[in-house]
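Report on the structure given below.
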């Protein structure tokens, strides 16, 4: 317990210190004028990222292993539905807020639906309508996600808990949707229990999970139904299975808990029972893990980016100082030399933009080729499923009904898998296409900075590589929106098959194309923004000095004194961020 407390204190101290340093940077740079506005925005954005840091933790397991009960215990409120009916493929994101609230988001233009409810039971009843197969079968309502906001202590540490559908239920599309989603998460809890201890379905699922998620914690639930000897036997058997089938070392931590007793303890506020349930130990471990691994890495990355902003601002201040000491004619000559460098940089940027447009067209052609191949593959698949439906036609069912049942059963799995494949292929091609442009942009920026540093004989230090590709702040969920509408009576089977191929593949093609267009637009915008930042921090510093020398000569000495003081404070801030 002391290790956890010390870790928590160290994190809170580090977090407060970094927040204070970022505030100090904003204060120092704010007095330098509009040319440094980009740096102020960057430091403010880094502070927002620090304050809004989130660790996405998915809870996985076979249907009826106790996932929802465990989550309810961790958040100290029995809000998530616990039912004999599985969850649908809608994710539930549970994160911190000062007041309880549920938000439902849809995949179309419908506005976000909000519900606070007068009690926990009211909020549970509301959730049932959206996140269970009973209330929202196969997600017919078109929900993309459900967000549960609660003032739970564990959530205040920056963790977002994510409830997932149970694998191994009769709803196969739920398992595939969960797998497609996992690579967006930071870690996951995997629940097993002694009834039975682990199934072939779970082992197969675990093999796929390990390829997609960096951290996996194992939990043996329902230990209150076992005596000490039985529990040890189950744990030993589980570890042997993991070692034999998944090559996981036998000494891996497995938490033994009773989620049911943990929840009861939270409701009754019984601290002793909470500890006995084993959930207290799990919670302590998770919070300590967040401190040691997630947030320390985040703080390191934020410190590195903040240091770059301070280094760039410091270089601008030093250029201004040197410019103020130069004779007016010498300053004008240096400005003219730098103007030529800017002109060349602008030409280079236009070349990058032209090549980027060509890469975008090639990416579009790639998606079109993949879509065309998918149309053929989909047609062959649906024809096979149609024949299966005809062969297995139930007594009393029409031919069309049997085929419709076969299609409705198979289409979600098929397209979930195909969308996951296409997403990975497009992501890979996108990275390959944009990586050279990132390198060219980095080289262009550093050339300008080096030129300015050499002209005014100030220290030069290259900045860290900055990835202009934006990644999702919140994990996305592949939504089951595949069209399996009832077959119109006036349409033939072939016509209906054509409709299914066209509409489903087009939905996939269109959404993929939209994502690619957004990625290219954001990348181009970020390249332009980075160049503007560099020009403002270099040429802007020179022009500001020229303005002071020409029109406000009487304030030059004062300006030098003030800038020297700021330069010293920025240097101290830089050292603090690096340590």
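In the numbering used here, the protein residues as written are 945 to 1523.
Every residue, glycine too, gets a C-beta built ideally from N, C-alpha and C.
Computed from a predicted model, the values in this text were never measured in an experiment.
Alpha-carbon to alpha-carbon, residue j and residue i
| i | j | result |
| --- | --- | --- |
| residue 949 | residue 1382 | Because the pLDDT of residue 949 is 44, which lies under 50, any placement of that residue in the model is unreliable, and the number read from its coordinates should be weighed accordingly. Looking at the two C-alpha atoms, the distance is approximately 42 Å. |
| residue 1305 | residue 1472 | 20 Å |
| residue 1378 | residue 1308 | 14 Å |
| residue 1078 | residue 1072 | 8 Å |
| residue 1320 | residue 1331 | 17 Å |
| residue 1388 | residue 1475 | 8 Å |
| residue 1220 | residue 960 | 34 Å |
| residue 1133 | residue 1161 | 5 Å |
| residue 1152 | residue 980 | 48 Å |
| residue 909 | residue 1384 | No information on residue 909 is available, as it lies outside the stretch 945 to 1523 that the chain covers here. |
| residue 1017 | residue 1223 | 8 Å |
| residue 1196 | residue 1229 | 14 Å |
| residue 1469 | residue 1355 | 38 Å |
| residue 1087 | residue 1350 | 24 Å |
| residue 1266 | residue 1239 | 40 Å |
| residue 1460 | residue 1374 | 8 Å |
| residue 1084 | residue 1343 | 24 Å |
| residue 1089 | residue 1046 | 11 Å |
| residue 1057 | residue 1070 | 11 Å |
| residue 1507 | residue 1233 | 43 Å |
| residue 985 | residue 1270 | 31 Å |
| residue 1403 | residue 1467 | 30 Å |
| residue 1505 | residue 971 | 18 Å |
Contact belief for residue i with residue j at Cβ below 8 Å, rounded distance in angstroms
| i | j | result |
| --- | --- | --- |
| residue 1164 | residue 1198 | 6 Å |
| residue 1187 | residue 1194 | 5 Å |
| residue 1074 | residue 1048 | 6 Å |
| residue 1437 | residue 1311 | 29 Å between Cβ atoms; not a contact. |
| residue 1492 | residue 1499 | 6 Å |
| residue 1106 | residue 1007 | Residue 1106 to residue 1007, Cβ: 17 Å. No contact. |
| residue 1246 | residue 1517 | The pair is not a contact, with the Cβ atoms about 14 Å apart (cut-off 8 Å). |
Burial state of residue i (16 or more Cβ within 10 Å)
| i | result |
| --- | --- |
| residue 982 | buried |
| residue 1365 | exposed |
| residue 1318 | buried |
| residue 1212 | exposed |
| residue 1294 | exposed |
| residue 1278 | buried |
| residue 1137 | buried |
| residue 1275 | buried |
| residue 994 | buried |
| residue 1250 | buried |
| residue 1218 | buried |
| residue 1000 | buried |
| residue 1488 | buried |
| residue 1447 | exposed |
| residue 1129 | buried |
| residue 1038 | buried |
| residue 1184 | exposed |
| residue 1080 | buried |
| residue 1519 | exposed |
| residue 1329 | buried |
CA nearest to the CA of residue i, picked from the options
| i | options | result |
| --- | --- | --- |
| residue 1167 | 1189, 1147, 1334, 1010 | 1010 |
| residue 1021 | 1486, 1066, 1266 | 1066 |
| residue 1103 | 1237, 1053, 979 | 1237 |
| residue 1327 | 1356, 1444, 1485 | 1444 |
| residue 1357 | 1405, 1123, 1255, 1000 | 1123 |
| residue 1515 | 1107, 1269, 1130, 1262 | 1262 |
| residue 1014 | 1205, 1361, 1451, 1519 | 1205 |
| residue 991 | 1180, 980, 1222, 1244 | 1244 |
| residue 1097 | 1463, 1253, 966, 1040 | 1040 |
| residue 1486 | 1180, 1272, 989 | 1272 |
| residue 1200 | 1214, 1227, 1189 | 1227 |
| residue 1135 | 1315, 1146, 1397 | 1146 |
| residue 1287 | 1001, 1479, 969 | 1479 |
| residue 1501 | 1368, 1284, 1268, 1058 | 1268 |
| residue 1453 | 1370, 1482, 1402, 1517 | 1370 |
| residue 1367 | 1508, 1469, 1130, 1125 | 1125 |
| residue 1407 | 1400, 1469, 1258, 1448 | 1258 |
| residue 1450 | 1026, 1322, 1234 | 1322 |
| residue 988 | 1482, 1253, 1090 | 1253 |
| residue 1182 | 1210, 1150, 1156 | 1150 |
| residue 1035 | 1043, 1044, 1024 | 1024 |
CB contact below 9 Å: residue i versus chain B
| i | result |
| --- | --- |
| residue 1312 | Among the chains of the structure shown, chain B does not appear; only one protein chain is present. |
Within the region 1008-1078, ranges of the alpha helix (DSSP H) (whole runs, at least 4 residues)
For the alpha helix (DSSP H) assignment, the uninterrupted runs of no fewer than 4 residues enclosed by the region 1008-1078 are, from N- to C-terminal side, 1011-1018, 1064-1075.
What are the complete alpha helix (DSSP H) segments, minimum 4 residues, inside the region 1350-1389?
Runs of alpha helix (DSSP H) with 4 or more residues, each lying fully within the region 1350-1389, are absent.
Please give me, in chain order, every unbroken run of the beta strand (DSSP E) with length at least 3 that falls completely inside the region 1243-1276.
List check, beta strand (DSSP E) in window: nothing returned.
Taking only runs that begin and end inside the region 1172-1253, name each unbroken alpha helix (DSSP H) of 4 or more residues, in chain order.
Whole alpha helix (DSSP H) segments, 4+ residues: 1172-1190, 1203-1212, 1215-1220, 1223-1233.
Length at least 3, wholly inside the region 1103-1169: the beta strand (DSSP E) runs in chain order:
Counting whole runs of 3 or more residues, the region 1103-1169 contains the beta strand (DSSP E) stretches 1103-1107, 1131-1137, 1160-1165.
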